[in-house]
Amino acid sequence: KLCEGILNILENDTKTSCQVACLEALRILSRDKKVLVPVTTKRNMQILMRLAKLDTGEDPLERVSEFPVIVEALKCLCNIIFNSAIAQKLSLELNLAAMLCNLLEKCKDQQFVGDIKCFDLRLLFLLSLLHTDIRSQLRQELQGVQVLTQALESSLSVRWTEEYKAAEDRDRPPLSLQETDCAIEALKALFNVTLDSWNVHSKNESHQFRYMAAILRHCLLTAGPTEDKTEELH
265 KLCEGILNIL ENDTKTSCQV ACLEALRILS RDKKVLVPVT TKRNMQILMR LAKLDTGEDP
325 LERVSEFPVI VEALKCLCNI IFNSAIAQKL SLELNLAAML CNLLEKCKDQ QFVGDIKCFD
385 LRLLFLLSLL HTDIRSQLRQ ELQGVQVLTQ ALESSLSVRW TEEYKAAEDR DRPPLSLQET
445 DCAIEALKAL FNVTLDSWNV HSKNESHQFR YMAAILRHCL LTAGPTEDKT EELH
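Per this note's numbering, the very first residue in the sequence shown carries number 265; after that it's consecutive.
This is the structure in structure tokens:
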């Protein structure tokens, strides 16, 4: 009942501070699988997707004041999808992966969107891990390899000297914690999406995998903010 009450509040247009507080409470509650059973419905998923700006088509991310709401809604969706098989099935029906890829595109060249990007990537990782149909959809329909590789390239701030050769700057500072976390989530999602890619047939696929290999090499030469984070990244 508490979860339903929170979602009923979130369905209405309330103040940003109220939305964040409700989402934080829901995020904590959503760690309990028993709590999730009665609230994992299409309507409730759509409420969270709307708050995460996953249903806004081509509208850009403009209002920085809304970014904390987007992040908390994405965190809630991560917990719900991880803990609920029903939510995993609904994700395919609601075309959640396509909306996440669209949101990731909106994060390009945007300021203050690091947390949005990170939890978007984490949700793509979870979907590609837990639902084989979504993994196939990402690979075949949504150009998931390209989208995720570009997200990884952006997180690592790759500079190119040749088509498949990244610049090596041994004096560059370590990645920030946020950049490292984004890169790790992108790598995890890429692993799932490319897991069954034993045969590369087209010229475009060949280019994509050579491009990805160059970025992975660059990743191995990149340091994170701490020794533990560097090890996790590698």
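Even glycine gets a Cβ: it sits at the ideal position worked out from N, Cα and C.
Excluding sequence positions up to five before and after residue 283, its CB lies within less than 6 Å of the CB of 333, all in the same chain and listed in chain order. Between residue 453 and residue 392, the C-beta gap is smaller than 7 Å, which places the two residues in contact. Taking the CA atoms as reference points, residue 450 sits about 12 Å from residue 365. Judged by DSSP secondary structure, residue 425 falls within the beta strand (DSSP E) whose first and last residues are 424-426. When 429, 423, 497 and 447 are compared, the shortest CA-CA separation from residue 436 is found for 423.
Residue state for residue 429 is assigned as strand, using DSSP reduced to three classes. Straight-line measurement puts the Cα of residue 428 at about 27 Å from the Cα of residue 384.
Assigned with DSSP and collapsed to three states, residue 266 falls in helix. Around the beta carbon of residue 421, fewer than 16 other beta carbons sit within 10 angstroms, so the residue counts as exposed. Taking a C-beta distance under 7 Å as the contact criterion, residue 303 and residue 267 qualify as a contact pair. Taking 4 residues as the shortest admissible run, the stretch 268-351 contains the following complete alpha helix (DSSP H) segments, listed from N- to C-terminal end: 280-293, 297-300, 306-315 and 331-347.
Per the C-alpha coordinates, the member of 401, 477, 439 and 379 positioned closest to residue 414 is 477.
In the displayed model, residue 392 falls within a helix according to three-state DSSP. Assigned with DSSP and collapsed to three states, residue 457 falls in helix. Straight through space, the alpha carbons of residue 496 and residue 409 are spaced by roughly 21 Å. When DSSP states are grouped into helix, strand and coil, residue 487 belongs to the coil group.
Relative to residue 388, the option among 493, 412, 433 and 373 whose CA is nearest is 412. With respect to the 7 Å criterion, residue 441 and residue 489 are classified as neighbours on the basis of their beta carbons.
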